[in-house]
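Have a look at the structure below before the remarks.
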Amino acid sequence: NAGVTQTPKFRILKIGQSMTLQCTQDMNHNYMYWYRQDPGMGLKLIYYSVGAGITDKGEVPNGYNVSRSTTEDFPLRLELAAPSQTSVYFCASSYVWRGTNEQYFGPGTRLTVT
Amino acid sequence: AQKITQTQPGMFVQEKEAVTLDCTYDTSDPSYGLFWYKQPSSGEMIFLIYQGSYDQQNATEGRYSLNFQKARKSANLVISASQLGDSAMYFCAMREGEGKLIFGQGTELSVKP
């Protein structure tokens, strides 16, 4: 199993450009999440989804949009990139959110906005 | 208010010794979960151990154990017999509704040979 895959691994954007970070999981997980990790910090939740067609905001949603048209895919859209969005972005998924079900993380996308 | 606090930005431990990484949390929800993740320099997030708020016993996974003191709202990670490969950032996280994780700021562990 590939688990959670993210593309691209690295990206440099100019201020004002837009891009989509791709996330795919092959574990048939219902729950998917997007986090960002700023240098020297822990991860912060941007958006999450409890199933296809259902998304909700996390702690830091401004400047981002998401969609969940299938169970497998959960893309993150950046509109009008700003230097404050320079970060490492992690996608994660889990089957259910109770109990010992851990979140499986993708390898991350390192984004620089200049 | 910060919900997960890791007060040790950096820690050193001698190889083969045990080390404790501190984590305190704050929540009013009686049902919650606590996780520890390891992030090596390569950047990936590796799940280590989980403790549920209703679990009666402290969680253990190989060389990792979680010292869960519910009344003190602490969930410290204990790594026994440290290895050079344990050098990494360690994050404590608490699960809130619908699986959302709140992370602490992390502790950088360095294992000395």
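Taken in order, these protein sequences are the chains called B and U.
Plus 1 on top of the position in the first sequence (first one is 1) and you've got our numbering.
Plus 4 on top of the position in the second sequence (first one is 1) and you've got our numbering.
Yeah, the Cβ is synthetic: ideal placement off N, Cα and C, and Gly gets one too.
Please read these numbers as outputs of a predicted model, since none were measured by experiment.
How about residue i: is its C-beta nearer than 8 Å to some C-beta of chain U?
i	result
B:P108	yes
B:S95	yes
B:F130	Residue coverage of chain B in this structure runs from 2 to 115, which leaves residue 130 of chain B outside it and unanswerable.
B:M28	no
B:G4	no
B:Y65	no
B:Y48	no
B:Q104	yes
B:M42	yes
B:G54	no
B:G17	no
Determine, using beta carbons only, whether residue i and residue j come nearer to each other than 8 Å.
i	j	result
B:Y48	B:G64	no
U:I53	U:Y36	no
U:V82	U:T24	yes
U:E19	U:L113	no
B:Q38	B:C92	no
B:V5	B:W35	no
U:Y29	U:K104	no
U:M98	B:F106	no
B:A82	B:Q18	yes
U:A79	U:C96	yes
B:L112	B:P76	no
B:G43	U:G108	yes
U:A22	U:S86	yes
My assumption, with CB atoms under 8 Å, is that residue i sits in contact with residue j. Please give the rounded CB distance.
i	j	result
B:D57	B:T25	Actually they are not in contact, since the Cβ atoms of B:D57 and B:T25 sit about 20 Å apart, beyond 8 Å.
B:I13	B:T115	7 Å
U:Q12	U:D26	6 Å
B:A53	B:D27	Rounded, the Cβ-Cβ distance is 15 Å, inconsistent with contact.
B:S85	B:Y32	Contact doesn't hold; Cβ gap of about 27 Å is too wide.
U:Q55	U:L70	5 Å
U:M93	U:G66	That belief does not hold up - the Cβ atoms of U:M93 and U:G66 are roughly 19 Å apart, past 8 Å.
U:G14	B:V89	With a Cβ gap of about 20 Å, U:G14 and B:V89 do not count as contacting.
Identify the continuous beta strand (DSSP E) that holds residue i and give its terminal residues.
i	result
B:R37	32-38
B:T72	Element bounds for B:T72: n/a, residue is neither H nor E.
B:S94	88-95
U:I53	50-56
U:T11	Here U:T11 belongs to no beta strand (DSSP E), and DSSP marks it neither H nor E.
B:S127	Given that chain B is displayed from residue 2 to residue 115, the structure contains no residue 127 of chain B and the question cannot be resolved.
U:Q43	37-43
B:E80	First-last for B:E80: undefined, no H or E at that position.
U:E21	Segment: none, U:E21 is in no beta strand (DSSP E) and carries neither H nor E.
Beta-carbon of residue i versus every beta-carbon of chain B: anything under 8 Å?
i	result
U:Y2	One cannot answer for residue 2 of chain U here, as it falls past the ends of chain U, which runs 5 to 117.
U:E48	yes
U:L105	yes
U:G110	yes
U:F51	yes
U:F16	no
U:F95	yes
U:F72	no
(request) Entirely within the region 67-99 of chain U and at least 4 residues each: give me those alpha helix (DSSP H) ranges in chain order. (result) You should have found no qualifying run.
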